[in-house]
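To start, the structure under review is shown below, and the notes come after it.
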Amino acid sequence: GESVGLHLPTLSVQEGDNSIINCAYSNSASDYFIWYKQESGKGPQFIIDIRSNMDKRQGQRVTVLLNKTVKHLSLQIAATQPGDSAVYFCAEISNDMRFGAGTRLTVKP
Amino acid sequence: EPEVTQTPSHQVTQMGQEVILRCVPISNHLYFYWYRQILGQKVEFLVSFYNNEISEKSEIFDDQFSVERPDGSNFTLKIRSTKLEDSAMYFCASSEDSSYGYTFGSGTRLTVV
Numbered sequence: 047g048e049s050v051g052l053h054l055p056t057l058s059v060q061e062g063d064n065s066i067i068n069c070a071y072s073n074s075a076s077d078y079f080i081w082y083k084q085e086s087g088k089g090p091q092f093i094i095d096i097r098s099n100m101d102k103r104q105g106q107r108v109t110v111l112l113n114k115t116v117k118h119l120s121l122q123i124a125a126t127q128p129g130d131s132a133v134y135f136c137a138e139i140s141n142d143m144r145f146g147a148g149t150r151l152t153v154k155p
Numbered sequence: 333e334p335e336v337t338q339t340p341s342h343q344v345t346q347m348g349q350e351v352i353l354r355c356v357p358i359s360n361h362l363y364f365y366w367y368r369q370i371l372g373q374k375v376e377f378l379v380s381f382y383n384n385e386i387s388e389k390s391e392i393f394d395d396q397f398s399v400e401r402p403d404g405s406n407f408t409l410k411i412r413s414t415k416l417e418d419s420a421m422y423f424c425a426s427s428e429d430s431s432y433g434y435t436f437g438s439g440t441r442l443t444v445v
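Taken in order, these protein sequences are the chains called Z and U.
Note that my numbering gives residue 69 to position 23 of the first sequence, counting from 1, and the numbers run on in steps of one.
Note that my numbering gives residue 412 to position 80 of the second sequence, counting from 1, and the numbers run on in steps of one.
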């Protein structure tokens, strides 16, 4: 499944499928980007980051892609699990860190 | 793993009262932040603090708000004359360097009645 970021705040996928969450950022001067996961009642939890001199970075089951030309960031989660259900925020850092609106990911068993 | 600790976890206050939200950042971190999240909305930046002074603040952070690092471990957010619309989760965060990821606390839920 794929979201279009701020315009589609929910994404529902089947367990085991790959998830793609998109985010558009606003500040072309931002040089550092982070994806956070927020579970209900908890603070944002760091998932993966990427600097503006890179266009891809991989972690464990997660990949972040950065397209500076169109100011777009995506988070790919491989083999999505029920424990991945949460709200995912992208954040951009220039002078401070600003969050996007978030996408709620629901994983169906 | 080091944590950012926030107290209390839930604060209920009457409109017009002052509240102080407390945070203990990670001990070797130098940059401190407060964010706010109104229920169901995105996390909003309030203020960043470095070297005992505010380094950045948002348009939300008006004269009603103030921050302080009263000692070597605590970082506080004071909200004067609270309004109903101040009801939100308030998150403290800290980082070792402004160009690295921030560690967030679990938040304080402020309810203004």
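No residue lacks a Cβ here, since even glycine has one placed at the ideal position from N, Cα and C.
Check: Can you find a C-beta in chain U that's less than 7 Å from the C-beta of Z/Phe79?
Finding: Here residue 79 of chain Z refers to the residue found at position 33 when the first sequence is read from its first residue. No, Z/Phe79 does not count as interfacial toward chain U.
Margin query: Considering only the alpha carbon of each residue, which of U/Tyr365, U/Glu350 and U/Val351 lies closest to U/Phe436?
Written below: Numbered from its first residue, the second sequence carries residue 436 of chain U at position 104. Closest by alpha carbon: U/Tyr365.
Notebook entry, point to check: According to a CB-to-CB cut-off of less than 9 Å, which residues of the stretch 403–423 of chain U neighbour chain Z?
Noted result: Met421 and Phe423
Margin query: If we define contact as Cβ-Cβ less than 7 Å, is U/Ser341 a contact residue for chain Z?
Written below: As a first step, residue 341 of chain U must be located in the second sequence, where it is residue number 9. Cβ-Cβ to chain Z under 7 Å: no for U/Ser341.
Next item on the list: With a threshold of 16 other CB atoms inside 10 Å of the CB of Z/Val116, please say whether the residue is buried or exposed.
Entry: What you label residue 116 of chain Z is simply residue 70 of the first sequence in a count that begins at 1. Under this definition Z/Val116 is an exposed residue.
Item checked: One or two residues paired with U/Met421 in a DSSP bridge -> By one-based count along the second sequence, residue 421 of chain U stands at place 89. Paired residue(s): U/Gln369 and U/Arg441.
Notebook entry, point to check: Does any CB atom of chain Z fall closer than 7 Å to the CB of U/Gly437?
Noted result: On the second sequence, position 105 is the one that residue 437 of chain U refers to. So yes, U/Gly437 belongs to the interface.
Next item on the list: Evaluate U/Glu391 with the Cβ neighbour count: other Cβ atoms within 10 Å of its Cβ, from every protein chain shown; 16 or more gives buried, anything less gives exposed.
Entry: Counting from one through the second sequence, the residue named residue 391 of chain U turns up at place 59. With fewer than 16 Cβ atoms within 10 Å of its Cβ, U/Glu391 is classed as exposed.
Next item on the list: Within the stretch 87–151 of chain Z, note down every full beta strand (DSSP E) run reaching 3 residues or more, in order along the chain.
Entry: 91–97, 102–104, 108–113, 118–123, 132–139 and 143–145
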